[in-house]
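Each remark here refers to the structure printed beneath this line.
In my numbering, the protein residues as written are 10 to 124.
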């Protein structure tokens, strides 16, 4: 399984970004997909997950601002990020698997939010 993430960038506080992560290879086992993030000097943290039944889970810090979704036909997971804050600045990593802990990781995409 290969995961290709895209969509990061730099925005001002209050702005929006949409991340995408496309899975390829043996994807039929990818029941669960999600996003983690890691800021400099901090531990990697879960941002959001979604399963094949569209059940979602969010970190408290992003609830109400971020929305995770997936397109099963394209095996792609999206993260719509609204009302971005400087503390959302991090490398965002796509993650996928049958269940948590998900073993497959994509490369990171940088999100930078300036105040």
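Heads up, the beta-carbon is just placed ideally off N, CA and C, and yes, glycines get one too.
Would you grab the beta carbon distance between residue i and residue j for me? Rounded to a whole angstrom, and I think it's under 8 Å.
i	j	result
residue 42	residue 59	6 Å
residue 102	residue 52	About 13 Å; that fails the 8 Å criterion.
residue 29	residue 16	5 Å
residue 27	residue 87	6 Å
Taking residue i as part of the beta strand (DSSP E), name the residues at either end of that continuous run.
i	result
residue 46	41-47
residue 102	99-106
residue 11	11-15
residue 35	Looking at the DSSP string, residue 35 is not in any beta strand (DSSP E), and its letter there is neither H nor E.
residue 90	85-90
residue 57	54-60
residue 25	Segment: none, residue 25 is in no beta strand (DSSP E) and carries neither H nor E.
residue 80	75-80
Once the 5 residues before and after residue i are set aside, which same chain residues still bring their CB inside 6 Å of it?
i	result
residue 36	84
residue 11	33 and 34
residue 38	107
residue 97	122
If you check the beta carbons only, do residue i and residue j fall under 8 Å apart?
i	j	result
residue 19	residue 123	yes
residue 75	residue 99	no
residue 45	residue 104	yes
residue 13	residue 117	no
residue 94	residue 22	yes
Once you ignore the five residues that flank residue i on each side, which residues in its own chain have a CB closer than 7 Å to its CB?
i	result
residue 71	56 and 57
residue 119	17 and 100
residue 112	106
Would residue i pass as an interface residue toward chain D - the criterion being a Cβ-Cβ separation below 8 Å?
i	result
residue 114	Included in the structure is just one protein chain, with no chain D present.
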